[in-house]
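In UniProt numbering, the protein residues as written are 1 to 155.
Shown next, in structure tokens, is the structure this report addresses.
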């Protein structure tokens, strides 16, 4: 998984599918994590033209295929959607050229996990390290940044 983390966090840009303005939702918390780590991130939400996170509005795109400037191949994608939605989302991400995905807990089932592992250069999901329940950006993201040589420290 260390190689997958390095590939994912070496990306110049990130996108969060399932980004939400609701601070109780993980789509909000994961998007905020990227902002708090000063990483360039785009929210994906087909139902809202923008999301408000950390007291700022962020224009959304409707799908990975809408990541255009720079192209989708410049993005790593965090996914916080139900498994049925995730499968279609991953198909769109593959079509768009996204190289790496991080499937957050609850976003995948076995079929989705197999698809992700077979179709992306890096797919992070499943049982977490050291027996933790699942891999999650909120838990494992800083380690991923370290592995990718993107040290981050809170000043």
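All C-beta atoms, glycine included, are put in the ideal place defined by N, C-alpha and C.
Just reading off the beta strand (DSSP E) that residue i is part of, what are its end residues?
| i | result |
| --- | --- |
| residue 15 | 13 to 17 |
| residue 108 | No beta strand (DSSP E) holds residue 108; DSSP gives it neither H nor E. |
Name, in chain order, the residues that DSSP records as bridge partners for residue i.
| i | result |
| --- | --- |
| residue 40 | In the DSSP output, where bridge partners are listed per residue, residue 40 has none listed. |
| residue 50 | 59 |
| residue 101 | 77 and 123 |
Please return the same chain residues whose Cβ sits closer than 7 Å to the Cβ of residue i, not counting the five positions on each side in sequence.
| i | result |
| --- | --- |
| residue 115 | 87 and 90 |
| residue 29 | 138 |
May I ask you to report which of helix, strand or coil DSSP gives residue i?
| i | result |
| --- | --- |
| residue 134 | coil |
| residue 140 | helix |
| residue 146 | helix |
Just curious, the alpha helix (DSSP H) that residue i is in, first and last residue?
| i | result |
| --- | --- |
| residue 77 | Premise fails: residue 77 lies in the beta strand (DSSP E), 75 to 79, not in any alpha helix (DSSP H). |
| residue 65 | Neither: residue 65 is in no alpha helix (DSSP H) and is coded neither H nor E. |
| residue 96 | 83 to 96 |
Please name the residue in the options whose C-alpha comes closest to that of residue i.
| i | options | result |
| --- | --- | --- |
| residue 5 | 112, 107, 119 and 102 | 102 |
| residue 94 | 109, 123, 110 and 107 | 123 |
| residue 99 | 64, 21, 105 and 46 | 64 |
If I measure Cβ to Cβ from residue i and keep anything under 6 Å in the same chain, skipping five residues before and after, which residues do I get?
| i | result |
| --- | --- |
| residue 40 | 13 |
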